[in-house]
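To start, the structure itself, in structure tokens.
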Amino acid sequence: MTAMRSPVVVRALTVFLASLGGLLFGYGTGVIAGVLPFITTAFELSSWEQGAAVSAALLGATLTAPSSGWLADRFGRRPVILVAAAVYTVGTAASAAASGPLVLLSGRFLVGLALGATSLAVPLYISEISPPARRGALVTLNQLMLTGGLLLSYVVAYLLEPTGAWRWMLAVGIVPALVVLVGGFLVPESPDWLRSQGLGTRAKRAALRLGIDAGPEPSLTGPVRGLELRKACAQAGPRWVALGLAIAVLVHLTGLNTAIYYAPTILVSSGLTSAGGIVGSILVGVCNVLATVVTVLFLDRWGRRPLMIGGLLVMAAAAVAIAVAQFLGAVGAATALLLCVFITAGAVGPAAVFWVYIAEIYPSRTRGVLMSLATAAHWAADFLVATTFLPLVQGLSLAGAFVVYAAITGAAALALGRWMPETRGRSLVSAREPASAIDQAPSTNPSS
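Under this note's numbering, think of the first position of the sequence shown as 3, with each following residue one higher.
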């Protein structure tokens, strides 16, 4: 009993339960890849309707994200996660029981509303209960769980594909949502949020349970009930707001999540059978998980900037290689391996670094509001790219689509190489201080 109350155990349990929100996101967005062929046949969906089925959850996430920061600042990080888990459960049940495309899309939209909230609240919560030296690894655990959720969705699709049980593919997602709902009542609220509300005594108790520093943030002088967006942007500084938004959008304009959502479709169009496409997707999912494990282990050692820029450069090279392979002929095995390289580089770089980085570059007083803004831009870009992927392939071919992604990814690497400072190992307050001069005058060295 004493061991269960140990701060290390409490913090580990808290981080694990919170990061299950990442698993919900991974499974909730990835499962549609296995479901899509079956619902396309069952409901006779066009290419645009298939895109809508994939992106309905992303639309919901885009709409929730702008207010999720305000909700997290107003009501707390933990309540947002709990309510999101409940909404996710309802949406998943509705989509699994759908008798037509409208109910299916409505259920997926509800799932998206929940995912938009958790995608912000989970990394924000974890960042605030983590020691600075381990923050990168612990926040990236959310990304690891997300990739684990994607892999789980591929495995479930593979196991159920012979029977065509697409409803059960969807319904499996209810299980982790219920775990979050029950376990969420056992963990403490973020001490940082409690301090921001003027609840110093409760903040100290929560920090003691978690075994972290209970000292006040230097920038806080009293209760904070949320800041309007204009004031939050002014306090953070225009360069930091622009940097967070740019990274948020560029992560998806690379085509990373599109490659994940449509992995079976891409592989089947490259010459694999339907079953082979799902097996190839599992291989992609395994690569994604292993790459994220590497990131968890080394993000705090190597830093955010090298992984982000290096990952983007490898992604650009892999996208070019996929396009070349398509020009030379539909070779399924080669495309599967190159897709693994593309997604692995994305998992090591932009996908993992983004969530850690936006939790570090904004001051505590504005963090929830500005993270919600960045998250909204993040999922808006994902919605746009996911919705337009199949029409883009129809218009330009699969090779042409990856040429577009390669160009965007290469340009993103160059831009972030110029403007992205390092934040490794700094407190949430000091992470942006060395670069504060950026807001005052141009500089070629963001960390100066």
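Virtual Cβ for every residue (Gly too), placed ideally from N, Cα, C.
### Task
Starting from the C-beta of V17, find all residues in its chain whose C-beta is less than 8 Å away, skip the five residues before and the five after it, and write them out in chain order.
Around V17: I128, I131, S132, L140 and L143.
### Residues near T91 in its chain [Cβ-Cβ closer than 8 Å; skip 5 each side]
Non-local C-beta neighbours of T91 in its own chain, meaning closer than 8 Å and more than five positions away in sequence, comprise I176, A179, L180 and L183, ordered along the chain.
### Query
Which residue comes first and which comes last in the alpha helix (DSSP H) that contains V298?
Note, V298: alpha helix (DSSP H), S276 to W304.
#### Entry: Reduced DSSP secondary structure (H/G/I, E/B, other) of G32
In the structure shown, G32 sits in a helix (DSSP, three-state: H, G or I).
### Query
Closest Cβ-Cβ distance between G150 and chain B: below 8 Å?
Absent from the structure: chain B. Only one protein chain is present.
#### Entry: CB contact flag (S155, Y29, <8 Å)
In contact: S155 and Y29 (Cβ atoms closer than 8 Å).
### Query
Looking only at its own chain, which residues have a Cβ that is under 8 Å from the Cβ of F404, when we skip the five neighbours before and after it?
Taken in chain order, the residues that qualify are G257, A321, V322, I324, A325 and Q328.
### Query
Whose C-alpha, out of V33, I34, Q145 and L104, is nearest the C-alpha of L299?
Closest by alpha carbon: Q145.
### Message
Closest to F2 by C-alpha separation, out of A98, V243 and T297, would be which residue?
### Response
Because residue 2 is not part of the residues shown, which for the chain are 3 to 450, the question remains open.
### Query
Using DSSP with H/G/I as helix, E/B as strand and the rest coil, what is T165?
Residue state for T165 is assigned as coil, using DSSP reduced to three classes.
### Query
If you drop the 5 nearest sequence neighbours on each side, which residues of the same chain put their C-beta closer than 7 Å to that of A353?
Excluding positions up to five away in sequence, the list reads Q145, V253 and L258.
### Task
Could you round the C-beta distance between R169 and A123 to whole angstroms and report it? I think they count as a contact, below 8 Å.
Not really, about 29 Å apart at Cβ, beyond 8 Å.
### Query
Mapping DSSP to helix, strand and coil, what is E130?
Looking at E130 - three-state DSSP - the assignment turns out to be helix.
### Task
Have a look at P125 and L196 and give me their C-alpha separation to the nearest angstrom.
Cα to Cα, the separation comes out at about 17 Å.
### Query
Where do the N-terminal and C-terminal ends of the alpha helix (DSSP H) with L201 fall, by residue?
Premise fails: L201 is in no alpha helix (DSSP H) and is neither H nor E.
### Task
Find out if the Cβ-Cβ distance for the pair A277, E163 is shorter than 8 Å.
In contact: A277 and E163 (Cβ atoms closer than 8 Å).
### Query
Straight-line CA distance for A58 to G213?
Each residue's Cα considered, the two are about 40 Å apart.
### Query
What residues in its chain sit with their C-beta under 6 Å from that of L161, if we drop five residues either side in the sequence?
Nothing listed; no residue qualifies.
#### Entry: Cβ pair L460, S192 closer than 8 Å
With the chain covering 3 to 450 only, the question about residue 460 has no answer from this structure.
### Task
Please determine, among F45, L107 and V395, the residue with the shortest C-alpha to C-alpha distance to T267.
By alpha-carbon distance to T267, the top candidate from F45, L107 and V395 is V395.
### Query
Once you ignore the five residues that flank L86 on each side, which residues in its own chain have a CB closer than 6 Å to its CB?
Sequence check: residue 86 is Ala here, not Leu. If we look at A86 and ignore the five residues flanking it on each side, its Cβ neighbours are A116, A119 and T120.
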